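Worksheet: one structure, shown below.
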Ligand SMILES: Nc1ncnc2c1ncn2[C@@H]1O[C@H](COP(=O)(O)OP(=O)(O)O)[C@@H](O)[C@H]1O
Ligand SMILES: [Mg+2]
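Written out as structure tokens, the structure reads:
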């Protein structure tokens, strides 16, 4: 066992003996002694008979201290809030999520517009009856109507009557022409918006059997082209969205790792003062979740506001050429529900990415410290 | 409490920094670890703190062979050792008080349960007036004492101090040494690594001297 000190040490403070200070810390130790599970505190008892008094003993020093209560600031978080790199990270995340949400919004709008084209057009089918020698047009119209109604999938069949046909032709033939003097084709408009689409071949067959002059126009060429275009647009939208999200993910991950690199010393200190890895990860995760959420919410919120502003602009400038073009391309700027959902999803995913990246970085840093511990031959290399 | 047997350590492909170390750190003991700069004092402290494993030989800490300790268990075992790093390793965004309270905080303790202990300890190390100060504002000796207080706050069984007087003037060095001696009287084993011979002359204690990678112990 060690020699006990043979010479008195210089007093460790103005006018106060070491014994008194020793007693002070003895009180600290006694105060903590009765904590459950603190099995190793036994060190304080043996060999330290000098200077120990019961904790309750009157003590001029501590009563003097009690007169000056210590004011502490609210305990700061272990991972510092809002330093410069943290703010830069928020900015980067905000910009990337703004762009991502913009892409999400535009893609969902384009897809919705494309879908509405498809559904509107394919909900209507026209039958045209060309006038011919000896054809009783009115009878033919009725025949066609009742014949096609029998085909499953056709919900209604409306004859475009004389007056309506005249109105249709008026722009070309002028008012007051006589429809009976001209060989004007007549129309029956079928709506096929039911559950099952009609079998167009069968419909054609039925028409050929009843009124050979009737021609079915299912707008197929026109529809097909539009559908193809809509598909291309959607596909293109999703492609851009995918690229955008990938770029965002990479940027967010690398920016987070950059900021985490500046926090390496905190991880080390926490590790060395006895923090478990889960605790350290928890501290960082909490901070970086907030950073991610804040940045993403700013960016996503800005994108949402932009769409709202565009929708308002669209309402107030209806029928201007610019507006018409924009509307044709994007449809209404009012985001479809999927757009809002997508933006919310982007915000959450970005927040999750910053959180998980910070967690992963902590784990990796601790693993690294541990690897060096296990194999000092690596210390020199790293 | 700690037992080394034929311990050797090398960094990278370099020579063995420590060779054939065999010694004990008994409970409640006090020792100086000394030797010229570059002799391997810090390296030995890292071995004692279990932040390095020997490249050969056996280290038993609290009765456990440290090569068999899992990484989940390590932080828990380390809580019984307080360490004062040569470069302090204080967190600059935390006040003196918060830095000292950190070990308790990471153990999940409530602030109310340790507040008075931390303040008491800070007064004991003579930092009663610097409780709300951030480390960048502190002098070398003050930082040193914050680091010591942080190492002590959870009542470790062993305190390791690497060059605790390396950055301070002689009066402050004496004061720090006296704190550590008092701590030892209260039952904590203390290892002080220092190359300062005058410091050792101030207090008679066991001396462990490192030279050429080998250790001589003078009880
Ligand atoms: N991380 C390291 N990688 C390689 N060599 C190291 C490393 N740390 C210390 N050394 C070498 O080990 C020897 C002992 O260093 P150290 O333990 O810091 O000595 P001391 O603390 O006694 O000054 C020195 O020669 C030093 O160059
Ligand atoms: Mg050193």
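Chains as they are written, first to last, in my numbering: chain A, 1 to 382; chain B, 1001 to 1219.
Using N, Cα and C, we set each Cβ at its ideal position, and we do this for glycine too.
Given the structure is predicted, the values throughout are model-derived calculations rather than measurements.
Using DSSP's beta-bridge definition, name the partner residues of residue i.
| i | result |
| --- | --- |
| residue 300 (chain A) | In the DSSP output, where bridge partners are listed per residue, residue 300 (chain A) has none listed. |
| residue 1031 (chain B) | B:1191 and B:1206 |
| residue 128 (chain A) | A:187 and A:215 |
| residue 1216 (chain B) | B:1209 |
| residue 1162 (chain B) | B:1193 |
| residue 1023 (chain B) | B:1004 |
| residue 158 (chain A) | A:189 |
| residue 91 (chain A) | Paired residues: none, contrary to the question. |
| residue 1010 (chain B) | B:1016 |
At a cut-off of 7 Å, is residue i close to ligand 1 when judged by its beta-carbon and the heavy atoms of the ligand?
| i | result |
| --- | --- |
| residue 1051 (chain B) | no |
| residue 1017 (chain B) | yes |
| residue 1037 (chain B) | yes |
| residue 1012 (chain B) | yes |
Please state if the CB of residue j and the CB of residue i are separated by a distance shorter than 8 Å.
| i | j | result |
| --- | --- | --- |
| residue 206 (chain A) | residue 158 (chain A) | no |
| residue 119 (chain A) | residue 259 (chain A) | no |
| residue 1128 (chain B) | residue 1054 (chain B) | no |
| residue 1084 (chain B) | residue 1173 (chain B) | no |
| residue 357 (chain A) | residue 256 (chain A) | yes |
| residue 335 (chain A) | residue 105 (chain A) | yes |
| residue 1048 (chain B) | residue 1119 (chain B) | no |
| residue 102 (chain A) | residue 291 (chain A) | no |
| residue 1126 (chain B) | residue 1167 (chain B) | no |
| residue 1066 (chain B) | residue 1160 (chain B) | no |
| residue 1027 (chain B) | residue 1189 (chain B) | yes |
| residue 350 (chain A) | residue 296 (chain A) | yes |
| residue 1154 (chain B) | residue 1103 (chain B) | yes |
| residue 359 (chain A) | residue 281 (chain A) | yes |
| residue 1157 (chain B) | residue 1088 (chain B) | no |
| residue 1192 (chain B) | residue 1164 (chain B) | yes |
| residue 151 (chain A) | residue 127 (chain A) | no |
| residue 232 (chain A) | residue 191 (chain A) | no |
| residue 1100 (chain B) | residue 1121 (chain B) | yes |
| residue 197 (chain A) | residue 153 (chain A) | yes |
| residue 1150 (chain B) | residue 1107 (chain B) | no |
| residue 92 (chain A) | residue 277 (chain A) | no |
| residue 1044 (chain B) | residue 1018 (chain B) | yes |
| residue 1203 (chain B) | residue 1181 (chain B) | yes |
| residue 338 (chain A) | residue 97 (chain A) | no |
| residue 1094 (chain B) | residue 76 (chain A) | yes |
| residue 186 (chain A) | residue 165 (chain A) | yes |
| residue 1230 (chain B) | residue 1046 (chain B) | Residue 1230 (chain B) is absent from the model: chain B starts at 1001 and stops at 1219. |
| residue 1199 (chain B) | residue 1177 (chain B) | yes |
| residue 283 (chain A) | residue 78 (chain A) | yes |
| residue 1114 (chain B) | residue 72 (chain A) | no |
Return yes when at least one heavy atom of ligand 2 lies under 7 Å from the C-beta of residue i, else no.
| i | result |
| --- | --- |
| residue 1041 (chain B) | yes |
| residue 1087 (chain B) | no |
| residue 1163 (chain B) | yes |
With hydrogens ignored, establish whether the beta-carbon of residue i is closer than 7 Å to any heavy atom of ligand 3.
| i | result |
| --- | --- |
| residue 292 (chain A) | In the structure on display, ligand 3 does not appear, and the ligands it does have are ligand 1 and ligand 2. |
The region 300 to 311 of chain A touching the region 100 to 109 of chain A, judged by at least three CB pairs closer than 8 Å
yes
Are the region 232 to 250 of chain A and the region 1061 to 1075 of chain B in contact at 8 Å, needing three or more beta carbon pairs?
no
Ranges of the alpha helix (DSSP H) found wholly within the region 216 to 280 of chain A, counting only runs of at least 4
220 to 261 and 264 to 272
Check whether the region 1004 to 1024 of chain B touches the region 293 to 303 of chain A, taking contact to mean three or more Cβ pairs, one atom from each stretch, closer than 8 Å.
no
Pairs of beta-carbons, one from the region 121 to 136 of chain A and one from the region 262 to 279 of chain A, closer than 8 Å: are there three or more?
no
Taking only runs of the beta strand (DSSP E) that begin and end inside the region 1052 to 1113 of chain B, which ones reach a length of at least 3 residues, in chain order?
1056 to 1061 and 1081 to 1084
Given 8 Å, three or more beta-carbon pairs between the region 1199 to 1211 of chain B and the region 1030 to 1040 of chain B:
yes
Quick check: the region 350 to 369 of chain A against the region 281 to 296 of chain A, are at least 3 beta-carbon pairs closer than 8 Å?
yes
What beta strand (DSSP E) runs, 3 residues minimum, are completely inside the region 1115 to 1166 of chain B?
1158 to 1162
Is the region 144 to 158 of chain A touching the region 201 to 219 of chain A, taking contact as three or more C-beta pairs under 8 Å?
yes
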